[in-house]
Each structure stands twice: as C-alpha cells, then as structure tokens.
Amino acid sequence: MKKENVIEAVELTKVFGDFKAVNSISFEVKKGEIFGFLGANGAGKTTAIKMLIGISHPTSGQANVAGFDVFTQTESIKKNIGYMSQKFALYDDLTVKENIQFFGGIYGLSRAEIRAKRKQLVEDLGLEEISNKLVGSLPLGWKQKLAFSVSLLHNPKIVFLDEPTGGVDPITRRQFWEMIYKAADQGTTIFVTTHYMDEAEYCDRVSIMVEGKIEALDTPNNLKKQFKVDSMNDVFLKLARNIE
Amino acid sequence: MGISVKNINKSYKKQKAVHDISFDVKPGELFGLIGPDGAGKTTIFRILTTLLLPDEGEATVAGLDIVKDYKTIRKSVGYMPGRFSLYQDLTIEENLTFFATIFGTTIEENYDLIEDIYVQIEPFKDRRAGKLSGGMKQKLALCCALIHKPKVLFLDEPTTGVDPVSRKEFWEMLKRLQKRDITILVSTPYMDEAALCDRIALIQDGRILEIDTPEAIVNKFPKTIYNIGANNMYKLIRTLQAYENTYSVFPFGEFVHYTDKREAFEVEELKSFLESKGLEDIVIAITQADIEDAFMELAKS
C-alpha cells in the first residue's frame with residue numbers, strides 16, 4: 158500500500174497585510190497519489206502552491222515537501238519537484254530539442270543524461286519530425302504534453318500541475334491524463350489544479366479551498382456521498398454557495 | 347436579423363485559421379462556438395465585429411454587411427474579447443461611463459439592461475479595473491459591452507479560467523439577456539457549457555465539425571457507450587486500449603467511456619476479459635453520450 162507521505166502541511170498560513178490568503182491549512186499527500194487541489198478563483202490555491210514549491214515564505218505553520226522543510230530547505234525542494242502551469246511551461250522561441258536541453262541543464266542533469274532523456278522523450282511523444290521546430294509553432298496540446306514530460310525530466314518525487322489542460326481539446330486532454338496516470342503509476346506524486354470538474358473525478362483525493370481554508374478533503378466518491386450529490390461539479394457548487 | 351456567415355476563409359501568412367466556415371444565428375438565439383484553443387474562434391469573432399477582413403466569403407450581422415456597413419455594425423454590436431481589454435487605470439465607474447459616452451449614450455439610459463450585473467460590482471465602483479478579481483473584471487467587461495444596448499452580443503471565451511461557480515452565474519446572466527431580444531454569439535472551450543446554448547457549432551482546426559442543437563448532436567452519436575469502472579484506472583485504460591474489440595476508450599470522470607467495434611456484444615465476456623487481466627471491482631453499464639463524446643467522434647473522422 159501507498160504509505161509514505163511526500164507532502165505534509167500543518168496549519169500552513171500566509172497573510173498579506175490584514176488579509177489571510179491561506180488560513181491554517183493542514184493536509185498530507187501520499188507517494189504516487191493524484192491529488193486534486195480545487196477552489197474558486199481567489200480562494201488561495203496559488204498562494205498555497207507557491208509556499209509548497211518553495212517560492213513564498215509561509216507566515217506560520219509547517220510544511221514538508223519531498224522530505225524538505227518549506228522554511229529552511231527551499232532549494233532542495235525545487236530540485237526534487239517538477240512544475241508546470243498553463244501560463245508558463247516552455248520557451249516558445251526555442252526548439253523542442255533546445256527546450257529539453259535547457260531544462261535538463263537547469264535541473265542539473267549531465268550531458269549524457271540529457272541526450273538519453275531527449276531521445277527517449279522525443280520518441281515517446283512521437284515528436285521525431287518536429288524536434289527541430291520552435292515550440293511556439295506547435296499546437297497547444299502538443300506543447301502541454303511536452304511541457305509535462307519536461308517537468309518530469311529530473312525524476313521529481315512530486316510534480317505540481319497548475320491548470321495544465323485549460324483550452325486543450327478533449328482528446329488531447331484525455332491523452333494528457335493518461336500521461337498523468339502513467340507517471341503516478343510509476344510512483345510520482347501528482348498535485349494538480351483544474352477548473353474541469355470531470356478531471357476532479359480522475360484524482361485519488363480532492364481538496365476544495367474556500368476563502369483560504371480547506372473546506373473538504375476526501376476521495377471524489379466520498380465527497381459526493383458527503384454532500385449527497387452526483388458529481389464533483391455539484392459538490393463544488395454546494396460548497397462555494399454555502400459559504401456565500 | 348441575427349448573424350449570417352457564408353464560406354468565410356482566413357489565413358495568417360501560411361497558416362489557415364478559418365476554413366470555409368458557414369453558419370447562421372437566428373435573431374434572439376444563444377449560439378455557441380465550441381472548440382479548443384487554435385480552432386479559429388477568435389478569428390471568427392474579429393471578422394464578425396469588423397476588426398479583421400476575411401480573405402474570402404461574406405457575412406452579415408444584424409442584417410448589415412461586415413465590409414460595406416462596418417461603421418454601422420460597430421455601433422450596433424457589443425464585443426467582449428477573450429483578453430481583458432478595459433482600461434486598467436480607470437475605475438469601474440469610469441470605464442462604464444467612458445464606453446457609454448463613446449457610444450453616444452449614458453449609463454442611466456440603458457441602466458435596466460445592466461442593472462442585475464452592475465449591482466454586483468457597484469460596491470467597488472471606485473476601484474481601478476486593474477485591481478479587480480477575475481470574476482469582477484468579467485462582469486465589468488460584460489456591462490461595458492452592453493451599455494449601448496447592442497442588437498448582437500459577441501462574447502469570446504468569457505468563462506475561460508473562471509471557476510465553476512462564477513461560470514454558472516455568468517451563464518444565468520446570459521440567459522436573462524437573451525430574454526431582452528439580444529442575439530448572442532458565445533465561444534467556450536468548456537464542452538459542458540454547450541448544453542446551455544440553443545444551438546452550437548463544434549469547431550476544430552478552423553473547420554466546423556457539426557452544427558445543431560446540443561441534444562441533437564448528442565443523439566446522433568452512432569454507438570452505444572458503456573461506463574466502465576475498475577480498481578485501477580490506468581491499468582483499465584491500458585487493458586482496454588489493447589483489447590481487440592475496442593473502438594474507443596476515453597477517461598470520463600470516475601469511469602471510462604467505452605465503445606465496441608461490434609454491433610452487439612456480451613457484457614459478461616468483456617468483464618471476464620478484464621478480470622483475466624487482473625482488474626477488480628469491475629462495473630459495466632450503458633450510459634448516455636455527452637458533447638465531448640460527440641466532439642471526439644467527429645474530430646476523429
């Protein structure tokens with residue numbers, strides 16, 4: 158069974174002025190788990206993620222990510238996680254190969270490792286013919302699949318995906334999720350945000366943030382039972398509406 | 347008069363953005379352009395709002411020709427572009443006054459049209475637009491697009507990146523506007539929003555795949571779809587992909603949607619096959635196609 162926790166957060170809090178963006182959230186994520194991190198716009202998701210990936214200093218609380226402390230070991234965290242967002246993923250004016258090389262270098266892979274990874278990745282994604290094309294010229298779906306693969310280059314323990322499938326066509330969206338399942342199957346932990354509620358159902362467990370707090374956290378099935386509804390969409394609507 | 351589009355083509359350099367597209371939107375209709383990024387939705391919006399000339403084809407908006415009558419069209423339509431394009435350093439109220447003024451009207455004159463949207467952001471009317479949350483920006487942009495009481499409203503991906511609660515509220519606003527005799531053309535990459543339109547065009551890579559009511563598109567789906575669930579999603583997908591009778595298999599929420607190559611087959615047989623591959627807790631049940639099933643099937647052929 159999956160036992161080992163790769164993320165542990167205890168009363169993690171971030172305050173901006175007199176605004177509590179993240180208000181004492183506690184949760185844990187296990188190795189190989191697909192963890193959905195949901196919430197309305199402005200609920201505090203991005204702030205929480207920034208703390209977990211070591212680029213924002215928490216105001217109070219504790220958190221351990223990939224075995225490292227979010228206060229004192231942020232550089233180690235960055236080396237042991239992957240990150241991909243819809244807004245920034247790859248450099249449009251570098252080719253497919255150059256992007257792989259660049260990110261491989263950033264993550265500290267050796268030249269030989271980069272070469273091997275590049276070959277394998279290009280093959281796996283079927284990108285042989287376009288590996289010398291600029292990433293900016295690729296369809297969005299290909300970009301996102303490539304970006305996900307690049308975020309896994311250094312075999313991170315956890316990969317954070319911030320709305321990875323926004324605007325992507327339904328077939329590619331599903332191919333993307335197959336890649337996620339595959340990575341999780343191989344033991345990589347997936348921490349993902351999405352506005353597609355059907356994707357919330359693909360997760361092993363889902364947390365829903367409302368106004369800085371985690372108001373619900375369980376498997377999609379248990380959440381639906383708890384709120385007596387048929388879909389995650391309704392769970393989401395019920396939670397956010399109740400608060401208002 | 348709604349919108350009429352005939353054989354529109356548009357290329358950017360070598361890239362064909364819109365490929366021989368034709369459709370009609372009836373007066374008072376809520377019509378959806380549904381498709382992913384890069385489908386050509388924004389190009390169509392720019393052509394219809396007279397901001398871009400098509401290479402070929404013709405179109406009318408509210409009975410007016412998009413080339414000859416472009417000035418009149420600009421006065422009679424409202425356009426909310428996909429990217430927030432109000433003045434960031436003007437306040438909510440200043441933005442609205444500005445748009446009312448350039449269209450030769452006042453906020454008071456058409457206030458009843460925007461009232462139920464505007465009251466939601468009015469408490470913040472002295473806040474600069476650049477400092478608003480995504481949901482509030484969206485509501486302000488809609489008010490600005492409506493303030494001159496347009497006959498036709500163009501909304502390019504108004505709900506992209508917006509959470510499900512705000513999306514639901516936004517669609518409720520559109521339904522109310524429709525009752526005020528405004529023709530609405532709206533685009534979205536969220537397939538679940540298709541069901542909220544009167545009719546939709548499914549669009550991909552610059553081509554229209556299908557135009558009809560959402561119900562009719564779903565009903566036309568040619569195959570029986572099964573929900574299949576098991577203890578291990580990834581293994582289930584891989585196993586079904588390798589199964590000789592599989593026509594299609596796609597993850598859908600907690601299940602996969604499965605269609606079979608054969609006209610008819612024994613559910614028990616499929617179940618035993620999955621069990622023989624080591625899967626457990628197998629459930630197989632017939633389910634309804636939805637818009638995404640239809641889109642994927644049409645996109646395949």
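In order, the protein sequences belong to chains A and B.
Under our numbering, the first residue of the first sequence is numbered 158, with each subsequent residue one higher.
Under our numbering, the first residue of the second sequence is numbered 347, with each subsequent residue one higher.
Even glycine gets a Cβ: it sits at the ideal position worked out from N, Cα and C.
8 Å Cβ cutoff, residue i in contact with chain B
i: A/K159; result: Its pLDDT being 48, under 50, A/K159 is placed unreliably by the model, and nothing is read from it.
i: A/R331; result: yes
i: A/W299; result: no
i: A/A373; result: no
i: A/A178; result: no
i: A/H352; result: yes
i: A/E270; result: no
i: A/A166; result: no
i: A/A397; result: yes
i: A/Y338; result: yes
i: A/K385; result: no
Environment of residue i [buried if 16+ CB atoms lie within 10 Å]
i: A/G293; result: exposed
i: B/D401; result: exposed
i: A/E402; result: Residue 402 of chain A lies beyond the residue range present for chain A, which begins at 158 and ends at 401; the question has no answer from this structure.
i: A/F305; result: buried
i: A/E401; result: Low per-residue confidence applies at A/E401: pLDDT is 43, beneath 50, and the placement is therefore not dependable, though the value from the model is reported in the following sentence. That one is exposed.
i: B/S533; result: buried
i: A/F228; result: exposed
i: B/K525; result: exposed
i: B/V413; result: exposed
i: A/T397; result: According to the sequence provided, residue 397 of chain A is Ala. The question's Thr does not apply to it. Buried, by the Cβ-count rule.
i: B/V465; result: exposed
i: B/A610; result: exposed
i: B/A475; result: buried
i: B/S512; result: buried
Residue j beta carbon less than 8 Å from that of residue i
i: A/N198; j: B/P510; result: no
i: B/G552; j: B/A446; result: no
i: B/I463; j: B/K485; result: yes
i: A/V186; j: A/V163; result: yes
i: B/I528; j: B/K497; result: yes
i: A/A220; j: A/E368; result: no
i: B/S350; j: B/A408; result: no
i: A/N256; j: A/Y248; result: yes
i: A/V392; j: A/G193; result: no
Residue-chain proximity (residue i, chain A), Cβ-Cβ < 8 Å
i: B/F377; result: no
i: B/D462; result: no
i: B/E626; result: no
i: B/Q434; result: no
i: B/T592; result: no
i: B/K514; result: yes
i: B/Y604; result: no
i: B/P568; result: no
i: B/I683; result: Because chain B in this structure spans residues 347 to 647, residue 683 of chain B falls outside the shown range and cannot be described.
i: B/V511; result: yes
i: B/T388; result: no
i: B/S422; result: no
i: B/M426; result: no
i: B/T633; result: no
i: B/T506; result: yes
i: B/M537; result: yes
i: B/S479; result: yes
i: B/I583; result: yes
i: B/S647; result: no
i: B/D383; result: yes
When the options are compared against residue i, the one with the closest alpha-carbon
i: A/I182; options: A/E165, A/F192, A/R268 and A/F176; result: A/E165
i: A/L295; options: B/I549, B/Q361, B/E626 and B/K352; result: B/Q361
i: B/I628; options: B/Q434, B/T395 and B/A576; result: B/A576
i: A/P327; options: B/F369, B/L379, B/A645 and B/S357; result: B/A645
i: B/P535; options: B/E518, B/I583 and B/T506; result: B/T506
i: B/Q322; options: B/R474, B/F596 and B/F567; result: Outside the shown range of chain B (347 to 647) lies residue 322 of chain B, about which nothing can therefore be said.
i: A/G239; options: A/R330, A/T376, A/K314 and A/I371; result: A/K314
i: A/T346; options: A/A373, A/Y353 and A/M336; result: A/M336
i: A/H352; options: A/I365, A/G344 and A/A341; result: A/I365
i: B/M642; options: B/A541, B/Q587, B/I549 and B/L459; result: B/I549
i: B/D472; options: B/L442, B/L478, B/D458 and B/T437; result: B/T437
i: A/L310; options: A/T350, A/V325 and A/S267; result: A/S267
i: A/K290; options: A/K382, A/K254 and A/L278; result: A/K254
i: B/L501; options: B/K477, B/T559, B/E612 and B/G424; result: B/G424
Residue i Cβ short of 7 Å to the ligand NAP heavy atom set
i: A/T322; result: As presented, the structure is devoid of all ligands, the ligand NAP included, so that no description of it is given.
Take every Cβ of the stretch 416-427 of chain B, pair it with every Cβ of the stretch 357-366 of chain B, and state whether three or more of those distances are shorter than 8 Å.
By the C-beta criterion, the stretch 416-427 of chain B is judged not to be in contact with the stretch 357-366 of chain B, since fewer than 3 inter-stretch pairs fall below 8 Å.
Inspect the CB distances between the stretch 172-186 of chain A and the stretch 489-498 of chain B and report whether three or more fall short of 8 Å.
Touching, no.
Would you check if the stretch 598-614 of chain B and the stretch 570-587 of chain B touch, i.e. whether three or more CB-CB distances between them fall below 8 Å?
Taking a cut-off of 8 Å on C-beta distances, the stretch 570-587 of chain B touches the stretch 598-614 of chain B, as three or more cross pairs fall below it.
So, do the stretch 314-324 of chain A and the stretch 278-286 of chain A have three or more beta carbon pairs nearer to each other than 8 Å?
They do not touch, by the three-pair rule.
Touching or not, the stretch 392-401 of chain B and the stretch 556-565 of chain B, by the rule of three or more beta carbon pairs under 8 Å?
Taking a cut-off of 8 Å for Cβ pairs, the stretch 392-401 of chain B and the stretch 556-565 of chain B do not touch, as fewer than three such pairs fall below it.
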